[in-house]
Amino acid sequence: MGTHVGGNRRTDWRLGDIHSPLVPFVLRTTGLFFVVFFLIAVPLASTPLANEHHSTIWKLGAWGAGGGFEYVVMIAALNIGLGICLAGAAGDPVRYRAAVDVFLVCESLHMLSMAIMALAPTHHMHLIGDVPLGVGGVALVALVWLPVRAQAYAR
Numbered sequence: 279m280g281t282h283v284g285g286n287r288r289t290d291w292r293l294g295d296i297h298s299p300l301v302p303f304v305l306r307t308t309g310l311f312f313v314v315f316f317l318i319a320v321p322l323a324s325t326p327l328a329n330e331h332h333s334t335i336w337k338l339g340a341w342g343a344g345g346g347f348e349y350v351v352m353i354a355a356l357n358i359g360l361g362i363c364l365a366g367a368a369g370d371p372v373r374y375r376a377a378v379d380v381f382l383v384c385e386s387l388h389m390l391s392m393a394i395m396a397l398a399p400t401h402h403m404h405l406i407g408d409v410p411l412g413v414g415g416v417a418l419v420a421l422v423w424l425p426v427r428a429q430a431y432a433r
């Protein structure tokens, strides 16, 4: 893959390169995915699919009994906010590194708590549903961001 250097911008997609377009691409795509996913989840939470006792699809992502729509709105609001911050940071990740770091810390803790709760017999479905999906998103952002973050602090 060729490299064209114009100013400080490169066009190759190397992992760990502070000037690679891979970092903003992953941050923007992941952030927008969070926004779109949770904007869709809120209206779905008021449909028959949201009946966790009868819907296998809902059991992959719904937690607890009785929280229902209110729970989805609350968790969606938090994740939409984190997604907006992550997508916004993609424009200049090093400058807005605090937004990326906050996303990683919050979502890592969120995924850890979900994984622990999924060990309960009534929540094992989450281990093939929202837990691996969330862990995958956090791992992808960490994979492309942490080497760049280390480079930025080494300057």
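Quick note: to get this note's numbering, add 278 to the position in the sequence shown (first position is 1). Glycine included, every Cβ here is placed at the ideal spot set by N, Cα and C.
{"Query": "Going by beta carbon distance, what residues of the same chain come within less than 7 Å of Ala-319, once the five residues before and after it are set aside?", "Result": "Val-350 and Ala-354"}
{"Query": "Rounded to a whole number of angstroms, what is the C-alpha to C-alpha distance between Arg-427 and Ser-298?", "Result": "13 Å"}
{"Query": "Identify, in the order they occur along the chain, each residue of the same chain with its Cβ nearer than 6 Å to the Cβ of Pro-425, setting aside the five sequence neighbours on each side.", "Result": "Gly-294"}
{"Query": "How big is the Cα-Cα spacing for Val-409 and Gln-429?", "Result": "30 Å"}
{"Query": "For the stretch 354-366 and the stretch 395-404, state whether three or more C-beta atom pairs, one from each stretch, are separated by less than 8 Å.", "Result": "no"}
{"Query": "From Val-372 to Pro-399, what distance separates their C-alpha atoms?", "Result": "42 Å"}
{"Query": "I believe Leu-360 touches Val-419 by the beta-carbon criterion, under 8 Å. Please report the beta-carbon distance rounded to the nearest angstrom.", "Result": "Actually they are not in contact, since the Cβ atoms of Leu-360 and Val-419 sit about 11 Å apart, beyond 8 Å."}
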